[in-house]
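Chains as they are written, first to last, in the numbering used here: chain A, 48 to 502; chain B, 48 to 502; chain C, 48 to 502; chain D, 48 to 502. By construction, the Cβ of each residue, glycine as well, lies at the ideal position given by its N, Cα and C atoms. The block underneath contains the structure these notes are about, expressed in structure tokens.
Protein chains: 4
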Amino acid sequence: MKLWGGRMSKPTDQLVHQLNASFPFDVRLYREDILGSQAWARALAEAGVISTAESKILVEGLDKILHEFQAGDFEAVESDEDIHTAVERRLTEIIGPLAGKLHSGRSRNDQVATDFRLWIINACEQLEQATTYLCQAMLENAERDLHTPMPGYTHLQHAQVVTWGHWLLSHAWPLIRDRERLANAQTSAAVLPLGSGALAGTSFPIDRAALAKDLGFAEVTQNSIDAVADRDFALDFLYACSVLNVHLSRMADTLILFNTPEFGFIEIDDAYATGSSLMPQKKNPDPLELARGKSGRLIGNLTGLLATLKGLPSAYDKDLQEDKEPVFDSYDTLSLLLPVLTGLIQTLTLHPQRMRERLSADLFATDLADYLVGKGVPFREAHALVGQAVRLAIKNQTSLKELALDEYRSISEHFEADVADIFDINASLNRKGASGGTSESALKMQLKAAQKALR
Amino acid sequence: MKLWGGRMSKPTDQLVHQLNASFPFDVRLYREDILGSQAWARALAEAGVISTAESKILVEGLDKILHEFQAGDFEAVESDEDIHTAVERRLTEIIGPLAGKLHSGRSRNDQVATDFRLWIINACEQLEQATTYLCQAMLENAERDLHTPMPGYTHLQHAQVVTWGHWLLSHAWPLIRDRERLANAQTSAAVLPLGSGALAGTSFPIDRAALAKDLGFAEVTQNSIDAVADRDFALDFLYACSVLNVHLSRMADTLILFNTPEFGFIEIDDAYATGSSLMPQKKNPDPLELARGKSGRLIGNLTGLLATLKGLPSAYDKDLQEDKEPVFDSYDTLSLLLPVLTGLIQTLTLHPQRMRERLSADLFATDLADYLVGKGVPFREAHALVGQAVRLAIKNQTSLKELALDEYRSISEHFEADVADIFDINASLNRKGASGGTSESALKMQLKAAQKALR
Amino acid sequence: MKLWGGRMSKPTDQLVHQLNASFPFDVRLYREDILGSQAWARALAEAGVISTAESKILVEGLDKILHEFQAGDFEAVESDEDIHTAVERRLTEIIGPLAGKLHSGRSRNDQVATDFRLWIINACEQLEQATTYLCQAMLENAERDLHTPMPGYTHLQHAQVVTWGHWLLSHAWPLIRDRERLANAQTSAAVLPLGSGALAGTSFPIDRAALAKDLGFAEVTQNSIDAVADRDFALDFLYACSVLNVHLSRMADTLILFNTPEFGFIEIDDAYATGSSLMPQKKNPDPLELARGKSGRLIGNLTGLLATLKGLPSAYDKDLQEDKEPVFDSYDTLSLLLPVLTGLIQTLTLHPQRMRERLSADLFATDLADYLVGKGVPFREAHALVGQAVRLAIKNQTSLKELALDEYRSISEHFEADVADIFDINASLNRKGASGGTSESALKMQLKAAQKALR
Amino acid sequence: MKLWGGRMSKPTDQLVHQLNASFPFDVRLYREDILGSQAWARALAEAGVISTAESKILVEGLDKILHEFQAGDFEAVESDEDIHTAVERRLTEIIGPLAGKLHSGRSRNDQVATDFRLWIINACEQLEQATTYLCQAMLENAERDLHTPMPGYTHLQHAQVVTWGHWLLSHAWPLIRDRERLANAQTSAAVLPLGSGALAGTSFPIDRAALAKDLGFAEVTQNSIDAVADRDFALDFLYACSVLNVHLSRMADTLILFNTPEFGFIEIDDAYATGSSLMPQKKNPDPLELARGKSGRLIGNLTGLLATLKGLPSAYDKDLQEDKEPVFDSYDTLSLLLPVLTGLIQTLTLHPQRMRERLSADLFATDLADYLVGKGVPFREAHALVGQAVRLAIKNQTSLKELALDEYRSISEHFEADVADIFDINASLNRKGASGGTSESALKMQLKAAQKALR
């Protein structure tokens with residue numbers, strides 16, 4: 048059964064049918080399609096287009112189909128070109144010609160937009176939840192080693208001392224922002240297009256506000272052409288997913304690095320690593336690599352839909368059918384990645400001793416300059432003086448910490464005996480006392496703020 | 048003058064300097080850089096790092112530089128590798144070594160993030176304003192021909208009757224949503240990173256909350272590593288710009304179509320068209336084509352930055368310098384496109400007669416089916432019956448409107464004499480009375496809602 | 048069975064297994080995997096690592112598995128993490144521990160690269176063939192109406208007279224170039240990585256040149272690290288597919304336009320159109336819209352893999368597993384699109400009369416200017432004079448053709464009585480006699496050149 | 048002066064002019080535009096459209112303009128909307144109305160395509176040369192330490208022993224392939240569109256084959272519509288640039304890693320590093336980070352143009368003007384990056400001792416398995432046995448190398464006294480004797496092959 052065809056003089060070419068058919072992927076919308084149809088049946092009755100009794104039969108028939116899907120019993124047939132056709136076909140089989148009344152005043156154009164929005168509303172919730180779980184695992188891990196010192200890097204060079212907790216939290220905040228982006232996508236999606244017909248609106252006196260309420264939408268679309276043409280919500284969803292995965296890729300990339308034998312800061316649990324078919328000793332951080340690699344895929348999904356929408360003529364065009372697969376794929380990718388990373392973080396072993404061993408004296412060079420500032424030297428001059436000390440240390444094959452006081456004083460008389468205190472790790476951490484810094488109290492405040500943001 | 052180099056044993060290679068230098072493009076941040084430095088000087092004095100008198104000299108010196116930039120008098124020198132270096136160099140020339148105190152406790156990492164966020168906050172405001180102006184022009188145009196009938200298309204085929212006002216408003220709503228996306232980007236940007244140092248925080252007791260207030264930021268960043276690594280606000284901006292331009296591309300594509308001699312629905316004012324070097328008769332809709340074509344460019348800007356950020360290690364890496372040019376380019380593109388399209392819409396000539404001539408009887412086929420529904424025929428059956436009528440009309444080389452009543456009745460006895468009333472344009476428009484539809488009252492409500500949304 | 052794990056102290060987490068597993072998609076490589084393994088077995092025997100008898104048993108066991116796959120009898124088990132594991136597991140079931148010798152000196156890293164290259168070599172051939180068929184359909188169609196005049200457009204405005212054949216051929220040439228791009232991708236793929244081990248080469252004296260010959264590769268890779276890291280061939284394939292689909296999108300976009308009632312130049316066969324669930328009269332050009340829309344998807348596939356590869360560390364990283372799905376998807380998309388478009392072109396109905404009716408006098412304006420050039424007027428002046436004639440015609444609500452001679456002469460005395468001849472359609476077409484132009488002979492030459500290029 | 052406008056009733060809006068104008072960027076095509084015009088002047092004379100004397104005056108006038116540009120003396124005026132207009136305007140100033148004859152039978156559509164192709168032909172040559180220089184520097188560096196052992200990584204974990212020369216060559220081969228891609232782009236570009244007019248061909252009897260020869264093109268375009276619509280050559284160029292930069296990003300990413308204090312394999316020369324404004328000790332590998340980061344930008348350039356071209360109607364549309372800026376930007380980026388990386392590689396210091404220290408016993412695990420294969424153990428079993436040895440070593444906090452023979456024999460009796468020989472570095476390298484492997488002779492052959500490929 049097709050929902051059209053009366054006007055055609057011959058059947059659709061088989062390959063065309065295959066190209067057009069979206070059932071293989073939009074079957075995922077079965078729940079949303081049925082809920083939407085049930086609400087529509089009620090609205091048609093409200094509007095007097097069908098009787099209440101008819102509405103009840105329609106709703107019950109649809110319930111039966113829902114159960115078939117949930118039980119895995121739904122049997123698709125060749126001609127089911129999309130989920131809407133499949134449901135209407137099956138409904139006809141169950142309740143007879145009355146099924147033909149369901150589509151009154153409705154088009155697949157507004158129907159699919161409704162289904163898809165409902166699906167995305169739920170997808171945003173799921174991903175937000177999974178992101179929250181990952182954040183919680185990160186916060187718990189960060190709390191355990193909130194003040195454990197480690198080298199801080201910029202340009203992957205030793206910069207200043209930071210702590211493990213500080214570092215790990217620096218990757219939680221982006222995810223906290225991602226929850227906002229998912230919430231924005233959800234808001235975009237929560238506007239009901241149903242009742243917009245093919246593009247011109249519906250001929251029946253449907254109360255769209257009531258329909259929105261029935262289906263859990265916050266608002267109704269204001270223009271029937273825009274209602275069937277708009278895919279902003281899908282873009283917003285793909286964008287939120289892309290940025291989220293880019294954030295994961297940055298954390299993953301650095302964890303992969305920390306996991307090399309050369310760094311040796313962390314060790315991944317055996318349950319989260321894989322081996323090699325050839326090299327018996329290998330223990331590979333595959334989940335982290337996939338977290339990094341899949342961000343490319345999600346960028347591609349976003350780019351693809353933007354390019355598909357670009358230059359598209361007004362209203363509904365079949366090109367819009369290309370919206371679903373990238374959305375499903377981005378969702379599936381993150382739905383698997385997020386819990387895997389949650390487990391990986393929860394089972395991660397730290398090597399604090401190794402981190403501490405890597406705390407080179409170089410990391411205190413800025414503290415040295417700040418020390419000179421404390422002695423009244425303008426920062427720019429202090430910077431240059433410490434630069435000279437660095438060169439001297441390199442030349443003498445020693446370190447800033449091992450330079451003798453008179454060597455320091457040969458560079459500037461502002462260096463005094465207390466210069467040795469500069470290389471104390473905790474003192475250095477605690478000097479960064481402004482909000483967002485590495486001092487004990489700043490870190491505790493930061494952790495609390497992050498915990499609060501997740502609530 | 049470089050802000051570093053004490054530690055190096057030889058000068059930078061000339062090509063490396065050229066590759067690294069961002070001054071040619073980040074000079075655009077001069078205002079933000081100076082405002083940020085002035086606030087920092089005040090904060091250093093607040094914190095007791097410098098005296099109030101020193102702070103005053105710094106602020107006044109910076110004022111002088113601001114005026115030099117505004118007057119076009121600022122003279123860059125070869126060694127100005129970025130705007131920060133240029134300003135500090137010039138400040139040293141003006142006020143002497145005291146300038147060297149300004150950079151205390153600050154890094155270019157937190158400085159550039161601050162400058163760039165300030166710039167984007169303002170850019171969002173400018174684009175939101177320009178988008179509003181365009182929307183207003185569209186609303187005014189739509190109001191003039193709110194009820195002027197024209198063919199509505201899906202798949203670029205005749206679908207149902209709509210009106211010009213309805214059609215034009217369908218392109219205003221996406222832009223209204225874009226204003227939200229710009230506002231979201233602005234919120235993302237309005238978080239102050241200053242006081243995060245290179246990555247570990249600042250050693251001086253800076254009151255970052257006060258600093259945020261001074262500079263007009265809503266909040267401060269909570270983690271100093273994230274503060275220098277985060278470019279979400281730039282992505283949010285590029286994303287908002289991309290979607291906005293994709294929306295413009297869809298409207299432009301359809302206007303280009305309506306402007307063909309075959310459609311002939313509109314005519315572009317001579318001031319908004321261009322000619323051909325070879326073909327004397329040509330009047331080309333170049334601004335519309337550029338609105339369409341440039342959306343590719345903006346998609347590229349977004350994709351590019353996403354790819355740059357993907358897999359980047361923690362904290363600051365030089366790769367982040369690649370954030371500015373796409374942002375400036377997307378801004379400049381829209382800053383020019385939006386007012387041009389505003390003018391084009393304001394001066395557009397409609398050809399309502401031409402639109403009316405194109406209202407084929409086909410456009411009423413759904414009304415016919417709805418008519419049968421009114422007679423008690425289930426919609427699916429009604430759809431098939433009208434499909435037969437369409438085929439009959441094609442076979443008889445006539446139209447649905449010209450089919451005789453007995454021809455209709457040969458298809459179904461539900462057709463009666465009143466079938467002729469179906470082809471009345473206004474009646475058809477008014478039947479779509481639900482919100483978002485084409486009826487007179489629905490259109491008036493829609494226009495009001497759009498006006499309200501723009502306020 | 049896993050091909051690794053001896054070194055691990057606990058099993059892989061279930062979700063990690065699911066994330067890592069590539070069997071659901073790389074099972075498509077079964078044929079290539081088995082052929083590669085058979086060649087490897089022969090090579091191991093050649094190298095004396097195993098006996099000829101052992102090699103024979105391996106090859107026959109693999110043959111059995113190949114038949115199982117081809118017959119749809121292969122039964123995967125949960126632990127089959129990829130096609131390589133599945134095949135080795137099954138081989139062990141069939142021939143016992145001897146199967147364990149097959150992986151000597153080989154890694155999944157060089158194995159998968161080999162499988163994938165073999166697959167792409169074949170995919171290029173398939174797509175090249177399908178592209179050729181489409182081109183042939185276009186050439187046949189173009190030949191039928193090689194000289195049928197129609198308006199030529201630039202900026203979608205009437206520019207000059209062209210012919211249908213000329214227009215359709217203008218979309219065949221890009222496809223002919225695409226065949227080159229596919230051939231380039233095939234050449235990229237036809238370099239054998241097998242024998243590179245995990246990254247360092249193989250410890251056994253394998254004759255890789257002979258192995259390449261056995262498997263039909265043109266060359267062997269020259270560096271074992273590059274051999275397992277290189278995915279250029281996948282990029283080349285995705286790029287060729289993207290550009291091909293962009294070309295299809297341009298043809299499709301214009302055909303959709305020509306198919307509107309306003310243009311009415313063509314009509315799509317009922318077998319290649321679809322209808323509407325709501326609007327009984329609709330006949331939508333869905334295949335053309337999908338040809339246009341899917342180009343976004345293919346651009347996304349390319350962008351995604353480029354982003355995945357960007358910044359990836361040397362040698363093999365798990366991120367590389369993300370190479371297959373976009374390649375399979377781009378192939379499947381085009382494998383369906385190309386034959387559908389071939390059928391659509393073969394069954395397309397032209398309306399030459401409609402095209403002829405649309406030949407406005409404006410289309411001859413350049414001919415008019417060239418006429419003046421023939422009278423000795425510099426082209427730039429001629430262009431301006433004809434521009435005046437156009438304005439005069441607009442002002443007088445007439446056309447260039449209908450302007451009286453004295454009106455022409457009021458603009459320039461170079462216009463003479465023979466100006467009327469300019470508006471002859473065939474004369475205009477035939478004036479463009481240089482190669483690539485619209486004259487009868489030029490078009491015939493072009494058609495021949497295209498036919499030759501396809502051979 | 049505009050090249051059109053006779054037909055318009057009012058001047059172009061100022062912002063529209065600014066939006067449309069391409070002179071700010073296409074002025075880069077001045078040389079190509081002038082060479083193209085000179086060839087066209089000669090062709091017009093050949094065709095009898097102008098006299099030989101006129102042609103000579105045109106060519107000489109154009110020569111004068113070329114010199115003005117080269118001397119930096121060319122003065123643009125506000126109305127120069129593109130390079131073609133600017134040159135024709137200036138030519139008119141120099142030689143008077145005769146300049147107006149130059150544009151006979153030519154359009155800016157075929158002219159700009161010709162200019163741009165000429166520019167890209169040259170750009171390919173420049174980039175190919177710069178890539179070759181970089182490769183040569185890499186080969187020279189690789190030759191110096193062809194056999195210097197270092198850990199080989201997969202998944203950034205220790206895999207097997209390789210050598211520095213082998214590693215560096217693994218990044219040269221991709222660049223060698225990039226030269227092919229650039230050559231393909233050059234071939235794409237080397238087809239002459241001139242003589243195609245606006246879209247329909249030229250009315251004058253131009254010998255296009257002779258014109259192609261005059262300008263150094265290999266062929267002429269075969270269809271005048273395709274000739275003005277085709278931008279495949281620009282895509283091919285952008286694609287070649289993207290892949291090249293992705294290759295650079297992978298090498299750069301790993302060099303950044305090798306440059307961390309934790310790895311310490313290499314040291315970048317001071318002339319190729321930069322410092323920090325805050326941290327006096329910093330020596331940052333900025334050029335490598337930019338090589339990595341800019342690959343995002345180049346991916347964006349490619350994606351952007353693909354999206355711009357997607358769905359574009361036939362023939363010339365103004366959207367095509369968006370082709371130039373991404374091409375110029377990708378060229379400029381690589382023109383700077385390639386020589387910088389060449390210098391960086393030439394001045395790189397290796398720390399072979401550090402690499403040697405990092406050669407853990409784990410790297411020989413595959414050799415151990417191969418050893419067992421040599422004793423007749425099927426590889427899969429050997430792999431599992433060595434896996435047990437790895438676990439035993441971890442448990443005993445020792446290494447594979449330090450495990451006692453009886454510990455080995457407790458795992459398998461196939462281990463014998465000669466197992467100790469397995470951990471010899473050179474022996475391990477030399478075992479990989481097949482082509483592309485790490486043995487001395489294989490590496491020498493590889494180097495020779497690479498040198499040959501560059502010739």
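{"Query": "The alpha helix (DSSP H) with histidine 430 of chain D in it runs from where to where?", "Result": "426 to 442"}
{"Query": "Determine the chain D residues that contact arginine 405 of chain A at a beta-carbon separation under 9 Å, and present them in chain order.", "Result": "Pro308, Glu309"}
{"Query": "Note down, in chain order, every chain A residue with its Cβ under 8 Å from the Cβ of isoleucine 346 of chain B.", "Result": "Thr350, Leu353, Ala354, Lys357"}
{"Query": "Could you name the residues of chain D that alanine 496 of chain C contacts, counting a contact when the two beta carbons are closer than 7 Å?", "Result": "Gln269"}
{"Query": "Which residues of chain C have a Cβ atom closer than 9 Å to the Cβ of leucine 186 of chain D, listed in chain order?", "Result": "Correct list: empty, because the minimum Cβ distance to chain C is about 12 Å."}
{"Query": "Under 7 Å between beta-carbons, which chain E residues line up against alanine 237 of chain A? List them in chain order, please.", "Result": "The displayed structure is made up of protein chains A, B, C and D, and chain E is not among them."}
{"Query": "Closest to leucine 384 of chain D by C-alpha separation, out of D:Ala416, D:Val374, D:Asp333, D:Leu359, would be which residue?", "Result": "D:Asp333"}
{"Query": "Residues in its own chain within less than 8 Å of arginine 164 of chain C by CB, not counting five upstream and five downstream?", "Result": "Ala236, Ala237, Val238, Leu239, Pro240, Phe264, Phe280"}
{"Query": "I'd like to know whether the C-beta of aspartate 192 of chain D is nearer than 8 Å to at least one C-beta of chain C.", "Result": "no"}
{"Query": "Inspect the beta-carbon positions of alanine 416 of chain C and valine 437 of chain C and report whether they are closer than 8 Å.", "Result": "no"}
{"Query": "If you run the structure through DSSP and keep just helix, strand and coil, what is glycine 143 of chain B?", "Result": "helix"}
{"Query": "Name the chain C residues whose beta carbon is nearer than 7 Å to that of arginine 54 of chain A?", "Result": "Gly322, Pro327, Gln328, Lys330"}
{"Query": "Please list the residues of the stretch 58 to 83 of chain D that have a C-beta atom closer than 8 Å to any C-beta atom in chain B, keeping them in chain order.", "Result": "Pro58, Thr59, Asp60, Leu62, Val63, Gln65, Leu66, Asn67"}
{"Query": "Between which two residues does the alpha helix (DSSP H) containing alanine 354 of chain C stretch?", "Result": "333 to 356"}
{"Query": "Which residues of chain B have a Cβ atom closer than 8 Å to the Cβ of valine 535 of chain D, listed in chain order?", "Result": "In the structure as shown, chain D starts at 48 and stops at 502, and residue 535 of chain D therefore has no counterpart that could be examined."}
{"Query": "Assuming the contact rule is C-beta atoms closer than 8 Å, methionine 197 of chain C and isoleucine 392 of chain C should be a hit. Round their C-beta distance to whole Å, please.", "Result": "Not confirmed; about 16 Å, so no contact."}
{"Query": "Starting from glycine 199 of chain B, follow its DSSP beta bridges and name the residues at the other end.", "Result": "B:Gln207"}
{"Query": "If the criterion is Cβ atoms closer than 8 Å, does the pair serine 324 of chain B and tryptophan 87 of chain D meet it?", "Result": "no"}
{"Query": "Hey, out of A:Phe411, A:His218, A:Phe116, A:Ala118, whose CA is closest to asparagine 270 of chain B's CA?", "Result": "A:His218"}
{"Query": "Distance, Cα to Cα, lysine 442 of chain B vs isoleucine 346 of chain A?", "Result": "50 Å"}
{"Query": "Straight-line CA distance for proline 252 of chain C to leucine 352 of chain D?", "Result": "48 Å"}
{"Query": "What would DSSP say about isoleucine 112 of chain D, mapped onto helix, strand or coil?", "Result": "helix"}
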